[in-house]
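First the structure, in the form of structure tokens, and then the observations on it.
2 protein chains.
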Amino acid sequence: MEFTFLGTSGGMPTKSRNVTALALQHGAPRQWYLIDCGEGTQHRLLRTRLSVMQLQAIFITHVHGDHTFGLPGLLCSASMNGRTDPLFLIAPRPVWTFVETALGNTDSSLSYELKFIDSEAEDFYWEDDALQVTATELSHRVSCRAFTFTEKNLERQLLKEKLTADGIEAGPIWGKLQQGQDVIMDNGTLIRSHDYTEINRRPRKVIVGGDNDTPELLRDTSHGAQVLIHEATYTQEVADRVGSWPMHSAAAQVASFAQSASIPNLVLTHFSSRYQSHPDAYPNISEVESEARGIYQGNLIMARDFAQLRLSREGKLELME
Amino acid sequence: MEFTFLGTSGGMPTKSRNVTALALQHGAPRQWYLIDCGEGTQHRLLRTRLSVMQLQAIFITHVHGDHTFGLPGLLCSASMNGRTDPLFLIAPRPVWTFVETALGNTDSSLSYELKFIDSEAEDFYWEDDALQVTATELSHRVSCRAFTFTEKNLERQLLKEKLTADGIEAGPIWGKLQQGQDVIMDNGTLIRSHDYTEINRRPRKVIVGGDNDTPELLRDTSHGAQVLIHEATYTQEVADRVGSWPMHSAAAQVASFAQSASIPNLVLTHFSSRYQSHPDAYPNISEVESEARGIYQGNLIMARDFAQLRLSREGKLELME
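Residue numbers (the numbering used here), protein chains in the order written: chain A, 114 to 434; chain B, 114 to 434.
Here is the structure:
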């Protein structure tokens, strides 16, 4: 499971950081998912190995433009590239209106089906072969959701001693059982995969937050999660100066929550455009990092544009080179 | 008068070229105008000296997304930067619908007034202190306009011999007359600027085309124009292969028209995303250039992203370093 940060700036782009978008790769080769789609997301993709042709679904946390204005262009470019596979757009309803109006008023038609799913429906749940996804309501100036991604179809280990003891010899049957398929033997006996295989690890579980001033709202969904990716728009000092109206989190808030919830990996993103990335510039993004590091004892990673992270099956999160 | 190309790709962005947008600087210091606004235009601006705070008006040639999808983000960023001056959006009506729906469905409000003007109104004409602008209907898959920009308020030269002969001594009065102001003398005589100054050059006149398969439509407006900026999406060979449905121009068509209309400067842009900029790559943008150069004998410039051109008062167009 891999993550590629396509934008890590809140509100407005900067020279080095685009507005929010995150790619999650999982499942079949090159298959991926997009969480939020700020303006210029398709431009960022041109500098990665990700292709809109293998994109399975787009999840939008909330309606704000820095999370949505890249949708029309990305959808049209997928069409100009000849995409025919349906694409899911899992978003608040006003985002559908925005997208439909954008396409409808610019002579744009898509070569594939865009399947809208209401991310704010009370019983929201989505899954495909690779992932199951739930949504958690957050606290922001507009309705906003975090998405929790949990992997499905974990690899099975053969119970070889049991197979041998029961006289089932190594061969193609073992392969089918390992893939979760039941097998009917020549003598008519049904051999169930379930009885001769086991899954010996926990599924990977990752929370991707939207804009949110109350990380505590993620307490329930965080049980068993290995990774929390959350906004930390500024330091507590700046948050206090700005006041509460933007309804964003300071690094200290997110760090305190992740620490208390024992989440082993925390990735901070969506930094205010006031923060500079260059080490000599002020105010510097390192201030946000220092604040979080002073509180959170787990594996803290500060997202930057184009950073790729890999989450191993064992739940270890690492920056890829 | 200066031009900055913010995007020179047609349809889709490439790694080195963004979709269409062009900045025209003229008039008061740092005052500028934007023609078309593809996705990522605000990102391009971050790498220039142009600020959305000094933007006077946005002209949209037609509704297609590669000319419009950058509008919501640019408008919102101007607002986040605290703009209060009104901004003109001169565009086809469906673009207003797109922009209003984008803002209305993403919790976006602007800190300044956005003044819509219908670029397709039959009597379309717009001017401010620096420029007068007319529109010419083009031929494309959707309604499309070229905009012709003609400078206003040219600098006046004092008729010094006449002033001296009439006993009007050099002093602050001369300055006022040169600025076009009439002056009432102490003895009550009205001295008209018009009588004691002259304008001794032609106004600069520039045509910026939209997407168009019939350059000949620009014949009338091209009289006296020093510059034509026009799409040349591909070579004639590629155009023939693609067929007529996209309704774009090949380089040869534009070159032939500019040559026959005796336009002294021709700038080609909006190259198909198939064309590569790197000299070793194929198909190469140099093919488009060669085709035009074989026909057009004037000053030909191939636009590239971030290229800045200066049009002197004498009508000489040059690439700035």
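The C-beta atom is built at its ideal place from N, Cα and C for all residues, glycine as well.
Collapsing the DSSP output to three states places Asp149(B) in a strand. Residue Glu431(B) holds the alpha-carbon nearest to the alpha-carbon of Gln421(B) among Thr219(B), Leu223(B), Glu431(B), Gly323(B). Of the residues assessed, Leu303(B) falls on the exposed side of the cut-off, its CB having fewer than 16 other CB atoms within 10 angstroms.
Boundaries of the alpha helix (DSSP H) around Ala371(B): 364-373.
His307(B): not part of any beta strand (DSSP E); member of the alpha helix (DSSP H) spanning 306-309, first to last residue.
In the structure shown, Arg258(A) falls within a strand segment according to DSSP collapsed to helix, strand and coil. Distances from the alpha-carbon of Ala134(B) to those of Lys265(B), Tyr238(B), Met125(B) put Met125(B) closest.
The beta carbon of Ser256(B) sits closer than 7 Å to those of His175, Pro205, Glu233, all from its chain and outside the five residues before and after it, given in chain order. For Cys257(A), there are no C-beta contacts with chain B under 7 Å, since the nearest C-beta of that chain is about 10 Å from it. In this structure, DSSP gives Gly120(B) an extended state, which the three-state scheme calls strand. With contacts defined as CB atoms closer than 8 Å, Leu200(A) and Leu158(A) fail to qualify as a contacting pair. Assignment of Val401(A) by DSSP, reduced to helix, strand and coil, places it in the helix class. Annotation: Cβ neighbours of Gln155(A) in chain B (cutoff 9 Å, chain order): Met125, Pro126, Glu152, Gly153. At a cut-off of 8 Å between beta carbons, Ser221(A) contacts chain B. Here DSSP, grouped into helix, strand and coil, assigns Lys289(B) to helix.
For Ile173(B), DSSP assigns no beta-bridge partner whatsoever. Pairwise C-beta distances place the segment 322-338 of chain A in contact with the segment 367-386 of chain A, as three or more of them are shorter than 8 Å.
DSSP, reduced to helix, strand and coil, places His253(A) outside both helices and strands of the structure shown, so it counts as coil. For the segment 240-270 of chain A, the set of positions with a beta-carbon nearer than 9 Å to some beta-carbon of chain B reads Arg254, Val255 in chain order.
Three or more beta-carbon pairs drawn from the segment 212-227 of chain B and the segment 183-199 of chain B are found closer than 8 Å, and the two stretches are therefore classed as touching. Leaving aside the five residues that flank Thr263(B) on each side, the residues in its chain whose CB is nearer than 6 Å to its CB run, in chain order, Gln245, Pro316, Lys318.
For the set Ala352(A), Tyr309(A), Gln169(A), the Cα lying nearest the Cα of Gly280(A) is the one of Tyr309(A). By the criterion of a C-beta distance shorter than 7 Å, Pro328(B) is surrounded in its chain by His343, Ser362, Gln366, Val367, Phe370, once the five residues flanking it on both sides are discounted.
Within the segment 317-350 of chain A, the runs of beta strand (DSSP E) at least 3 residues long that lie entirely inside it are, in chain order, 318-321, 340-344. Contact of Phe211(A) with chain B is assigned, a C-beta pair being separated by under 8 Å. Identification of residues in the segment 167-183 of chain A having a C-beta nearer than 9 Å to some C-beta of chain B yields His175, Val176, His177, Gly178, Asp179, His180, Thr181, Phe182, Gly183, given in sequence order. Around the beta-carbon of Gly323(A), 16 or more other beta-carbon atoms lie within 10 Å, marking it buried.
Nearest to Val132(A) by C-alpha distance, out of Phe384(A), Met433(A), Ser403(A), is Phe384(A). Per DSSP, the continuous alpha helix (DSSP H) segment holding Asp179(A) begins and ends at 178-181. Contact between Phe211(B) and Thr181(B) holds, with the beta-carbon distance rounding to 7 Å and staying under 8 Å. Neighbours of Thr214(A) in chain B, taken as residues whose beta carbon is under 7 Å from its own, are Thr210, Phe211, Thr214 in chain order. Under a 10 Å Cβ-count criterion, Ile312(B) is classified as exposed, with fewer than 16 other Cβ atoms of the shown protein chains found around its own Cβ.
If the five residues before and after Phe237(B) are omitted, its C-beta is found closer than 6 Å to the C-beta atoms of Ala248, all from its own chain and listed in chain order.
Contact of Pro285(A) with chain B is not assigned, every C-beta pair being separated by 8 Å or more.
Trp209(A) carries a helical assignment under DSSP once its states are collapsed to helix, strand and coil. Per the C-alpha coordinates, the member of Lys429(A), Asn412(A), Glu250(A), Gly284(A) positioned closest to Ile173(A) is Glu250(A).
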